[in-house]
Amino acid sequence: MGTRRESPPMIGVEPIWADGGPGPLQGAGVLVCHGFSGSPASVRDSSQYLIDQGAAVACPLLPGHGTTWHQMRLSTHQDWYSVLPPALDWLAERTHVQVVFGLSMGGALALRIAQLEPVAGVVLVNPSVGTDSPVYRLVPLLAKFLPTVRGIGSDTKTEAVTEPSYPRAPLAAVASMRELWRLVVQDLDSVRVPVLLFTSREDHVVDGYSGRLLRRRLPELTDYWLENSYHVATMDNDAGFINQTTTAFISDLLRAADEPQ
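Residue numbering for the sequence shown follows numbering that gives the first Met the number 0, starting at 0 and increasing by one per position.
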């Protein structure tokens, strides 16, 4: 029997690893988590902005991503999470304050990191931790008969960018994402660090459930609405606002860490 060959990576999906340098965010390490069926391309500009401010940044390519949906079908939320703690350790070797930043499903992964690992704060952009849609309850059953559904990538208001993502979303992976949601929501009360939340007023991928839940359950939440972006807001018209506000948030965390205890 022949071995299954892995597909070559898509163009522009390379992971991001950058040591910190001089700047207002020197001493901060940011673990950046991209979303479901996406890649570091969706958060590359935000990552570069933080690097330019002096932060060390790690953004791994999640297993099963950046190649083909056939490979994503074989991956689970445990696989996706598995690359994050080593990346956080890499940042901790270089910085004294670590923050986790997540887009979409990457927001669920960011919250999971905050539940299980020591971080100083969390930044969430249109996070996905659940849905109002009753159809998602049928996903484990549907996955047995329907391998994929239409992909969810490149939901931006601006037409100037295109997000590299899969044209199809494997339902087996969607079912695993639902299990990640369950774990994150179950342990939300253990998130005891400041959280910065950005929510697009119009989002064609994530409905309002996640934002409502997080506003109700997270005790240290700073909340901003994005009026001129859709789901992939880090590549959209409000990206500059996200980057500047995130920088101010991390700067506050750095100052707090440097204050005498």
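All residues carry an ideal CB built from backbone N, CA and C; glycine is no exception.
With a threshold of 16 other beta carbon atoms within 10 Å, R200 falls short and is exposed.
Per DSSP, reduced to three states, the secondary structure at A57 is strand. Put simply, the segment 184 to 204 touches the segment 243 to 253. At least three CB pairs are less than 8 Å apart. Minimum Cα-Cα distance from V12 among the listed residues A27, P23, C58 corresponds to C58.
Here T66 carries a coil assignment [DSSP, helix/strand/coil]. If you keep only unbroken alpha helix (DSSP H) runs of at least 4 residues inside the segment 80 to 127, you get 83 to 91, 104 to 115. The shortest CA-to-CA distance from R214 to any of S250, V173, N125, E258 is the one to N125. Within the same chain, and ignoring the five residues on either side of L24 in sequence, the residues whose Cβ sits closer than 8 Å to its Cβ are L49, Q52, G53, A54, T246, I249, S250, L253. Between D131 and V205, the alpha-carbon positions lie close to 10 Å from each other.
Under the three-state reduction of DSSP output, T147 falls in the strand class. In terms of Cβ geometry, M176 and F35 form a close pair [threshold 8 Å]. Listed in chain order, the alpha helix (DSSP H) runs fully inside the segment 12 to 62 are 43 to 51, counting runs of at least 4 residues. Judged by their CB atoms, E162 and V231 are nearer to each other than the 8 Å cut-off.
Counting along the chain, L187 sits inside no alpha helix (DSSP H), nor does DSSP assign it H or E at all. Shown here, V194 sits in a strand according to DSSP, grouped into three states.
With respect to S103, S127 sits close: the two C-beta atoms are nearer than 8 Å.
For D222, the beta-bridge partners assigned by DSSP are L196. When only Cα atoms are considered, D44 and V31 end up about 11 Å apart.
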